[in-house]
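Number of protein chains: 2
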Amino acid sequence: MSTSAGSVGAVTPQALCFDEPLALQSGASIAGYTLMIETYGTLNSDKSNAVLICHALNASHHVAGYYADQPKNIGWWDNMVGPGKPVDTKRFFVIGINNLGSCFGSTGPMHPNPATGKPYGADFPVVTVEDWVNAQARVADRLGIRQFAAVMGGSLGGMQALAWSILYPDRLQHCVVIASTPKLSAQNIAFNDVARQAILTDPDFHGGDFYAHGVVPRRGLRVARMIGHITYLSDDDMAEKFGRDLKAGDYQFGYGVDFEIESYLRYQGDKFSDYFDANTYLLITKALDYFDPARHTGGDLAAALAHTQASFLLASFTTDWRFSPERSREIVQALISNRRTVSYAEIDAPHGHDAFLLDDARYLNLVAAYFNRIDAGLQGGTA
Amino acid sequence: MSTSAGSVGAVTPQALCFDEPLALQSGASIAGYTLMIETYGTLNSDKSNAVLICHALNASHHVAGYYADQPKNIGWWDNMVGPGKPVDTKRFFVIGINNLGSCFGSTGPMHPNPATGKPYGADFPVVTVEDWVNAQARVADRLGIRQFAAVMGGSLGGMQALAWSILYPDRLQHCVVIASTPKLSAQNIAFNDVARQAILTDPDFHGGDFYAHGVVPRRGLRVARMIGHITYLSDDDMAEKFGRDLKAGDYQFGYGVDFEIESYLRYQGDKFSDYFDANTYLLITKALDYFDPARHTGGDLAAALAHTQASFLLASFTTDWRFSPERSREIVQALISNRRTVSYAEIDAPHGHDAFLLDDARYLNLVAAYFNRIDAGLQGGTA
Chain A
1 MSTSAGSVGA
11 VTPQALCFDE
21 PLALQSGASI
31 AGYTLMIETY
41 GTLNSDKSNA
51 VLICHALNAS
61 HHVAGYYADQ
71 PKNIGWWDNM
81 VGPGKPVDTK
91 RFFVIGINNL
101 GSCFGSTGPM
111 HPNPATGKPY
121 GADFPVVTVE
131 DWVNAQARVA
141 DRLGIRQFAA
151 VMGGSLGGMQ
161 ALAWSILYPD
171 RLQHCVVIAS
181 TPKLSAQNIA
191 FNDVARQAIL
201 TDPDFHGGDF
211 YAHGVVPRRG
221 LRVARMIGHI
231 TYLSDDDMAE
241 KFGRDLKAGD
251 YQFGYGVDFE
261 IESYLRYQGD
271 KFSDYFDANT
281 YLLITKALDY
291 FDPARHTGGD
301 LAAALAHTQA
311 SFLLASFTTD
321 WRFSPERSRE
331 IVQALISNRR
341 TVSYAEIDAP
351 HGHDAFLLDD
361 ARYLNLVAAY
371 FNRIDAGLQG
381 GTA
Chain B
1001 MSTSAGSVGA
1011 VTPQALCFDE
1021 PLALQSGASI
1031 AGYTLMIETY
1041 GTLNSDKSNA
1051 VLICHALNAS
1061 HHVAGYYADQ
1071 PKNIGWWDNM
1081 VGPGKPVDTK
1091 RFFVIGINNL
1101 GSCFGSTGPM
1111 HPNPATGKPY
1121 GADFPVVTVE
1131 DWVNAQARVA
1141 DRLGIRQFAA
1151 VMGGSLGGMQ
1161 ALAWSILYPD
1171 RLQHCVVIAS
1181 TPKLSAQNIA
1191 FNDVARQAIL
1201 TDPDFHGGDF
1211 YAHGVVPRRG
1221 LRVARMIGHI
1231 TYLSDDDMAE
1241 KFGRDLKAGD
1251 YQFGYGVDFE
1261 IESYLRYQGD
1271 KFSDYFDANT
1281 YLLITKALDY
1291 FDPARHTGGD
1301 LAAALAHTQA
1311 SFLLASFTTD
1321 WRFSPERSRE
1331 IVQALISNRR
1341 TVSYAEIDAP
1351 HGHDAFLLDD
1361 ARYLNLVAAY
1371 FNRIDAGLQG
1381 GTA
C-alpha cells in the first residue's frame, strides 16, 4: 500500500431506476426496481478501468468514504477502496451496488408491491446470486461499461464475483473471490436455517407483514445476528478477545450478563435489530443457501467453470471455519483444471471469516499487488 | 464386549427425599428436595462395586433399560450399561441420578417453591456442577456407599465426574471423563447464551412464570435445541448424512423446507420443545458455563487437581468440535503433572460430540476393558 492512502471523502449515493422487468431464477419476475449505487474515482475514456464491488449479507452500496451529513457512516470496505488503497480510486472507477431485496434503498421487501400497493413483505421474490448478477449487469449497461477490469467480493460477495465469471465470461478481465465457497455445507445451511427460524417464529414477524403492524421482529433478528456473529469469528479469536472474562468480576447466578462475550454478542444483536430488515435477512440467507454453480453440472465444479475467461485471485483465511480455506481450494482446483490463470493465497490470520473485512497487511498488500498488475495491464504493461 | 450383552430389562425409578437443606455455591440453599434415581445390578456386601453415572444436558436418571408401561422409553446410555455391556451390571451396581433443577422428576423450576407455594420458575436457584455433586454425595450416603468403584459421565456428565475427583477425592476409585472439557471456551459460552436468549425473549416465557400462563416457550426452546444440535454433530457427519440433499428435489423459493438438514433440525427442535423445561435449559447451560475448577487456582488446572486420588480414564473424539480432544488433553496433562494414573484415548470417530452416546466398537471396547480392570481390582487382582 502507498503511505499516502486516504479516504475517498464525502460520497453521494445515486438511485438508478429500471423499468424493464427482471426475470428471476425462481420463475417470478420483478416488474420495475431501483438500485442504489455509489461510485468512486473516474471512469476512463475507454471505460476499461471499472471495478465492481459486490457486498455480503449486511453491507450495501456504501463501500467507501462517508456521507457529508453522517461523517461516522464510513463505507464497509473503506480500508480496501480509496486513493492509494489496494483498490486505488486514483486508477480505478469503483462501483458499489446495493443488491435487489436488500434494505439500504434498493427495491426490497419493505417497498410497495405494485400488484397490491402494500409492502412486499415475505412475498418479495426469493432472489439468487445469479439474479443479483443479472441486475448488476444492467447497471453496467446503464453506465456504458462493457467489461469490468475486475469484479470483486468477499463471502457472499465472492459468490457474486464467481457467478459473474460464469454468466458473463467476457464482461470481466479479473475475478477476485475472497473468503468464499462454491456452495454452502450442510452445517452452513443449518446455521442459516436456525437464524431464519428465530425470525419466522417471532410473533412480531406477522408472516413478514410486520410493517403494517408497526413493529419489528427484534427478538428474532437479534438471535439471528448472534448466531451469525459466532460463525464470523474464530474460536481462537473469541478466546483471545473475551476468553472467560466476567463483566462484573464474579458469577452473578442469574440470567443477566456474566461473561464479556455475552455482553458483546447481545450488543451486536441489538444493534443489528435496529437497522436490518427481517425479510431481507431471510432472502439473503436463502441466496447463500441456493448458490451452487455446479448444481447443473452434476456437482462438477470444473465443468461449471469451463466457460470462464477471467483471470482469478482467490484468498482465504486459515481460521475461517465458516468458509474454510478448503472451500477456496476447491474453486482453485476447478479453475486450474480449466487452465485458467489463478493466484491463490491462504492468509494466516486469527480473525476467522471476518478477516476479509479487517486490516491485515499481508492481505491488503496481496490485493494491492494484484490490482497493480491489473492496472499495468490496462496501461499496456504485462498484466 | 461380551456377545451375550443384553438389556437390564424393565426398570423402576425411585424418588429419594432429602429434608436437610442443601447449601449452594451461589450462597442460596434449597430447603428440601427430591432426587429421582434408578439403579441396575446388585450392590455387593462391602458396597464396593457401585458406579455412578452422571448425565448431561437433556438426559436423566433413566440410564438403561425401559419402563414396563413405556417399552420404547429406553435409557440414554443403554448401549453402555447392562449385563455384558461395557459397564456390566452383572458385576457393578450402577446408579443414575436426575440432577437437581432438571425436569425428569427431581426437584426443579416447575415444582412449588416452599417460600411462595408457587412454581420456582426462573427463581429456582442457579445450581452448579459442584452443587450437583454435593447432592449426589447425599444419595451415596443414603445408599450406604462410602466409595464408588467409579464415577463416570460424558460431556457435562464428565464435568461432574471430574468435580467428584476434586470435591470427594477418597470417595471414588476411578473417574471416567468422556468428551468433556475443564471449562467452556468463549465460543461454547456464546452458543449457550444465544440459546438462552432465544428462550428468555420468547413472549411465552413470561419471565420464567409460563406455568401459571398455561403456555410453554416453544419457539425459544426449539431454536435453542437447533443451535445445540448443530454443535453436537460434526461438519463432516452432517455433510455425510444430509449434504445439500433437497426434501422435494428442487428449490422451493420460499421459507418452508428446502434442504433435508432443515427438516431434521426443525424436527429435533419440535420434539425437544415437547418435553424439555425452559427454566431447566437455562440453569443447566449456566452450570456448563460456570464449571471451571481452575478458577480458584489462578487458572492452574494441575493445582486444581492436586488433591485428587482416583485413577482416570479420559476419552475424546476426533471430530468433536464442541469439546475437542485438545480440551481432554488439557485435563490429561494436568493429571500427569500430578503423577495420577491416567488412561487416555482419542477415538477417530466421525460423529462429533454426540459420538459419546453412539455405538463405536473401539470406544465401547475401551470402556469395557477399563471396567474389566476395575472389576479385577475389586476381585483382588491388579487394577
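Residue numbers (my numbering), protein chains in the order written: chain A, 1 to 383; chain B, 1001 to 1383. From the three backbone atoms N, C-alpha and C, an ideal C-beta is built for every residue, glycine too. Given the structure is predicted, the values throughout are model-derived calculations rather than measurements.
Which residue's Cα is closest to the Cα of residue i: the options?
| i | options | result |
| --- | --- | --- |
| residue 301/A | 113/A, 129/A, 336/A and 92/A | 336/A |
| residue 1259/B | 1143/B, 1268/B, 1180/B and 1244/B | 1244/B |
| residue 1193/B | 139/A, 257/A, 119/A and 38/A | 257/A |
| residue 5/A | 53/A, 78/A and 68/A | 78/A |
| residue 18/A | 235/A, 323/A, 271/A and 135/A | 135/A |
| residue 1328/B | 1366/B, 1155/B, 1338/B and 1231/B | 1155/B |
| residue 1025/B | 1132/B, 1369/B, 1360/B and 1357/B | 1132/B |
| residue 315/A | 43/A, 370/A, 69/A and 73/A | 370/A |
| residue 342/A | 251/A, 174/A and 202/A | 174/A |
| residue 37/A | 86/A, 120/A and 137/A | 137/A |
| residue 225/A | 248/A, 59/A, 269/A and 237/A | 269/A |
| residue 291/A | 1291/B, 1250/B, 1367/B and 1310/B | 1250/B |
| residue 1238/B | 33/A, 212/A, 238/A and 189/A | 189/A |
| residue 1041/B | 1089/B, 1014/B and 1033/B | 1089/B |
| residue 1112/B | 1034/B, 1202/B and 1020/B | 1034/B |
Do residue j and residue i have their beta-carbon atoms positioned less than 8 Å apart in this structure?
| i | j | result |
| --- | --- | --- |
| residue 130/A | residue 184/A | no |
| residue 75/A | residue 233/A | no |
| residue 1240/B | residue 1325/B | no |
| residue 1101/B | residue 1114/B | no |
| residue 1094/B | residue 1313/B | no |
| residue 1148/B | residue 1171/B | yes |
| residue 1318/B | residue 1347/B | yes |
| residue 195/A | residue 228/A | yes |
| residue 995/B | residue 1204/B | Residue 995/B lies beyond the stretch modelled for chain B, which goes from 1001 to 1383, so this question has no answer here. |
| residue 1289/B | residue 1091/B | no |
| residue 230/A | residue 278/A | no |
| residue 152/A | residue 140/A | no |
| residue 1029/B | residue 1082/B | no |
| residue 1378/B | residue 1073/B | no |
| residue 1297/B | residue 1165/B | no |
| residue 51/A | residue 150/A | yes |
| residue 146/A | residue 47/A | yes |
| residue 1182/B | residue 1330/B | yes |
| residue 294/A | residue 338/A | no |
Should residue i be flagged as near chain B, meaning a C-beta pair shorter than 8 Å?
| i | result |
| --- | --- |
| residue 292/A | yes |
| residue 227/A | yes |
| residue 223/A | yes |
| residue 441/A | A query on residue 441/A cannot be resolved here, the shown segment of chain A reaching from 1 to 383 and no further. |
| residue 261/A | yes |
| residue 403/A | Chain A is shown from 1 up to 383; residue 403/A falls before or after that span and cannot be answered. |
| residue 386/A | Only positions 1 to 383 of chain A appear in the structure, and residue 386/A is not among them; the question remains open. |
| residue 26/A | yes |
| residue 162/A | no |
| residue 301/A | no |
Closer than 8 Å, CB to CB, is residue i near chain A or not?
| i | result |
| --- | --- |
| residue 1255/B | yes |
| residue 1250/B | no |
| residue 1230/B | yes |
| residue 1153/B | no |
| residue 1001/B | The pLDDT assigned to residue 1001/B is 42, lower than 50, so where the model puts this residue is not dependable, and the model offers no usable value. |
| residue 1320/B | no |
Since residue i contacts residue j with CB under 8 Å, what's their CB separation in whole angstroms?
| i | j | result |
| --- | --- | --- |
| residue 254/A | residue 1126/B | 7 Å |
| residue 1056/B | residue 1157/B | 5 Å |
| residue 272/A | residue 222/A | 7 Å |
| residue 1105/B | residue 1209/B | Residue 1105/B to residue 1209/B, Cβ: 21 Å. No contact. |
| residue 1080/B | residue 1071/B | Their Cβ separation, rounded to whole angstroms, is 20 Å, which puts residue 1080/B and residue 1071/B out of contact at 8 Å. |
Could you name the residues of chain E that residue i contacts, counting a contact when the two beta carbons are closer than 8 Å?
| i | result |
| --- | --- |
| residue 1030/B | Of the chains in the structure shown, none is chain E; the protein chains are A and B. |
Looking at the ligand ATP, does it come within less than 7 Å of residue i, judged from the CB to the closest heavy atom?
| i | result |
| --- | --- |
| residue 64/A | Inclusion of the ligand ATP in the displayed structure is not the case, the ligand content being empty and no account of it being possible. |
Chain-ordered residues of the segment 187-208 of chain A with a beta carbon less than 8 Å from chain B: Those residues of the segment 187-208 of chain A placed with their C-beta closer than 8 Å to a C-beta in chain B are 187, 189, 190, 191, 193, 194, 196, 197, 198, 200, 201, 202 and 203, ordered along the chain.
Chain B contacts from the segment 349-381 of chain A (Cβ-Cβ distance under 7 Å): Those would be none; no residue qualifies.
Positions along the segment 1172-1184 of chain B whose CB lies within less than 7 Å of some CB in chain A: Under the 7 Å Cβ criterion, the segment 1172-1184 of chain B contributes 1183.
Chain B contacts made by the segment 232-246 of chain A, where a contact means CB separation under 7 Å: Along the segment 232-246 of chain A, going in chain order, the ones with a CB nearer than 7 Å to a CB of chain B are 235, 238, 239, 242, 243 and 244.
Members of the segment 1106-1127 of chain B near chain A, C-beta cut-off 8 Å: Taking 8 Å as the Cβ-Cβ cut-off against chain A, the residues of the segment 1106-1127 of chain B that qualify are 1122, 1125 and 1126.
Cβ-based contacts, 7 Å cut-off: residues of the segment 269-282 of chain A near chain B: Going along the segment 269-282 of chain A in chain order, one finds 282 with a Cβ nearer than 7 Å to chain B.
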